[in-house]
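For reference, the structure discussed in these notes is given below.
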Amino acid sequence: MSNSIENMAQIPEDETARQFYFMDKAKIYVEELAAKLGRKPTCCVNTFGCQMNARDSEKLVGILERVGYEIIEDENADFVIYNTCTVRDNANQKVYGRLGVLNGYKRKNPDMKIALCGCMMQEPTVIEKIKNSYGFVDLIFGTHNIFKFAELLVALFEQKGMVIDIWEDTDKIVEDLPVERKYSFKSGINIMFGCNNFCSYCIVPYVRGRERSRNPKDIITEIERLVADGVVEIMLLGQNVNSYGKNLEEPITFAELLREIEKIEGLERIRFMTSHPKDLSDELIQVMKESKKICRHLHLPLQSGSTKILNAMNRRYTKEQYLALAEKIRKKIPDIAITTDIIVGFPGETMEDVEETIDVIKKVKYDNAFTFIYSKRTGTPAASMEQVPEDIVRKGFDKVLKTVQDTAKEQVARYQGQIAEVLVEEVNGSDRSLVTGRMSNNTLVHFPGNENLIGKIVKVTLDECHGFYYLGHM
Ligand code: SAH
Ligand code: SF4
Ligand code: F3S
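So for the sequence shown, the working numbering puts the first residue at 49; every next one is plus one.
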């Protein structure tokens, strides 16, 4: 062990301070590795799944940069981290497939380290499988202890063999650790963790634990810091933001939190994800209506339009209640875009149920809808229900998808010829003469421009609607 590590002070008790202590320690190991390699060691963080995971990866990158890694996109790196998702089985299969490729890289680079974290790691069967068949993995941790990544990194340097640290649950929220944003002008912000809803198909409550809200003060301070650092758009993140604040010592509603955030000067746009229909309050609709900053977009997952299926899904609303809610929102905020998630093939679903879903799609007129084929998740109540044969699922899925595409096309086209405020996000990947941005209602717009526009809100004429996006000019 190097002298500087022996000379380090005692491990602090406060969790944040403790992790900074381990960052200092990891830094010394990374410096030693850099000296051996004759260059800065590289690290690639590959994120699967939702915005929550994307934000978690920014936290990992914040620590990795601080301890001296160079972050690269290429997986042929000295350190590769997969932040995994397990919401549907295809997410898991992707990880197993790519692990094989990583093993190939590792054979050629014996110093290479491989880490797995995220939702998949909260499943005991996954850990068994990795221990048995993927012995070349060096570090495994879960969703509840991601805050101690610095400490685990040190363990990775100090211990031999696979380092595994998985917690079943936590009530801890550790604040003020480093974060490195992917975009300079926009950022996700966790306002709560976990989920208490237990929709019968969903694994998230098992892998993300019980619902915990952050203190409003911590959220506001974080946003103020981000704004001071150039952020103009924020996305408030939670599995069910509408139940934010209920379990705090001093309870506060999501709508009240939004009112406070609205006051932050310099912040231009506020988004949030996801809203559960059962908890969406009139107060929230009112705050959205009055707000100058909350974007004209609501993601309101339907899952199914059949009350029978919704009941079996444990969604706790009926088809009629959902339709009434959507209508109320449209009436109060006519220029809002509503998007949704739909599952086809849930156990017991018939073609009549699928028709009910199609009926809701036609009535609500979504601007966009993510349609998923039901995926059986071990341990969830729906896994032991009678599954629908694949060919019937396929038929229903194709029909739903077609309806979604048709209605979305019509919905998105209603802005044709109008002028919209667009936040420019990036230079277009396929045509470098164009930039790509988002309208307040989340619709994408491509128009001629250059990288100097990135992060700016500009006025764009919407010339041509192409299904889910527009071509326009400034
Ligand atoms: N908390 C969010 C959703 C998180 S998961 C909410 O309740 O809206 C994102 C989406 O994945 C869900 O809305 C659902 O449509 C889909 N999903 C979740 N579990 C699934 C499963 N087992 N099979 C197929 N899709 C699923
Ligand atoms: Fe899953 Fe339902 Fe929680 Fe969303 S609200 S994360 S679908 S259990
Ligand atoms: Fe996937 Fe976990 Fe998000 S399971 S969808 S990454 S909460």
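C-beta: ideal position from N, C-alpha, C; glycine also.
query = So, do the segment 189 to 196 and the segment 164 to 177 have three or more beta carbon pairs nearer to each other than 8 angstroms?
reply = Note that the segment 189 to 196 touches the segment 164 to 177; at least 3 beta-carbon pairs, one per stretch, sit closer than 8 angstroms.
key: Beta-carbon proximity check, L274 vs S235, cutoff 7 angstroms   = A contact, by the Cβ cut-off of 7 angstroms.
key: Residue interval of the alpha helix (DSSP H) (run including K234)   = For K234, no alpha helix (DSSP H) segment is defined; the enclosing uninterrupted segment is the beta strand (DSSP E) at 234 to 238.
N245: CB within 6 angstroms of a non-hydrogen atom of the ligand NAD = Because the ligand NAD does not appear in the structure shown, any question about it cannot be addressed here, the ligands present being the ligand SAH, the ligand SF4 and the ligand F3S.
key: Residue interval of the beta strand (DSSP E) (run including K161)   = If you look at K161, you'll find it in the beta strand (DSSP E) that goes 161 to 166.
query = Does the ligand F3S have even one heavy atom less than 6 angstroms from the beta-carbon of R425?
reply = No, the ligand F3S has no heavy atom inside 6 angstroms of this Cβ.
task = Name the two residues that bound the continuous alpha helix (DSSP H) containing T398.
result = No alpha helix (DSSP H) contains T398, which DSSP labels as neither H nor E.
ask   = Between which two residues does the beta strand (DSSP E) containing D511 stretch?
value = Per DSSP, D511 belongs to the beta strand (DSSP E) from 505 to 514.
ask   = If you check the beta carbons only, do P264 and L305 fall under 7 angstroms apart?
value = Taking the C-beta atoms as reference points, L305 is found nearer than 7 angstroms to P264.
query = Looking only at DSSP bridge pairs, what is H347 linked to?
reply = As computed with DSSP, H347 is found in a beta bridge with T387.
inquiry  = In chain order, what are the residue ranges of uninterrupted beta strand (DSSP E) at least 3 long that sit wholly in the segment 406 to 489?
reply    = Within the segment 406 to 489, the beta strand (DSSP E) runs of at least 3 residues that lie entirely inside it are, in chain order, 416 to 421, 467 to 475, 482 to 487.
key: the segment 446 to 460 in contact with the segment 469 to 482 per 3-pair CB rule at 8 angstroms   = The segment 446 to 460, when compared against the segment 469 to 482, does not touch it at the 8 angstroms Cβ threshold.
ask   = Using the rule of at least 16 other Cβ atoms within 10 Å of the residue's Cβ for burial, across every protein chain shown, is Q67 buried or exposed?
value = So Q67 counts as buried.
ask   = Which value, in whole angstroms, describes the spacing of the CA atoms of K84 and K161?
value = Each residue's alpha carbon lies about 15 angstroms from the other.
query = What residues are listed by DSSP as bridge partners for I119?
reply = C91, per the DSSP bridge assignment.
message = Can you tell me whether F418 is buried or exposed? The criterion is at least 16 other CB atoms within 10 Å of its CB, across all chains shown.
response = Exposed, since its Cβ has fewer than 16 Cβ neighbours within 10 Å.
inquiry  = Please classify A57 as buried or exposed, where buried requires at least 16 other C-beta atoms within 10 Å of its C-beta.
reply    = Within 10 angstroms of the beta-carbon of A57 lie fewer than 16 other beta-carbons, which makes it exposed.
request  = With a 10 Å radius around its C-beta and 16 neighbouring C-beta atoms as the bar for buried, classify A65 as buried or exposed.
outcome  = Exposed.
request  = Measure the alpha-carbon distance for T428 versus C250 and round it to whole angstroms.
outcome  = T428 and C250: Cα-Cα distance of roughly 7 angstroms.
key: Where the alpha helix (DSSP H) through R155 begins and ends   = 137 to 156 is the span of the alpha helix (DSSP H), which, as asked, contains R155.
query = Which word fits V149, buried or exposed, when buried means at least 16 other C-beta atoms lie within 10 angstroms of its C-beta?
reply = V149 counts as exposed, since fewer than 16 other C-beta atoms from the protein chains shown sit within 10 angstroms of its C-beta.
key: the segment 118 to 132 touching the segment 240 to 248, judged by at least three CB pairs closer than 8 angstroms   = Contact check between the segment 118 to 132 and the segment 240 to 248: fewer than three CB pairs, one atom from each, fall below 8 angstroms, which does not count as touching.
ask   = Does DSSP put I129 in a helix, in a strand, or in coil?
value = It is a strand residue.
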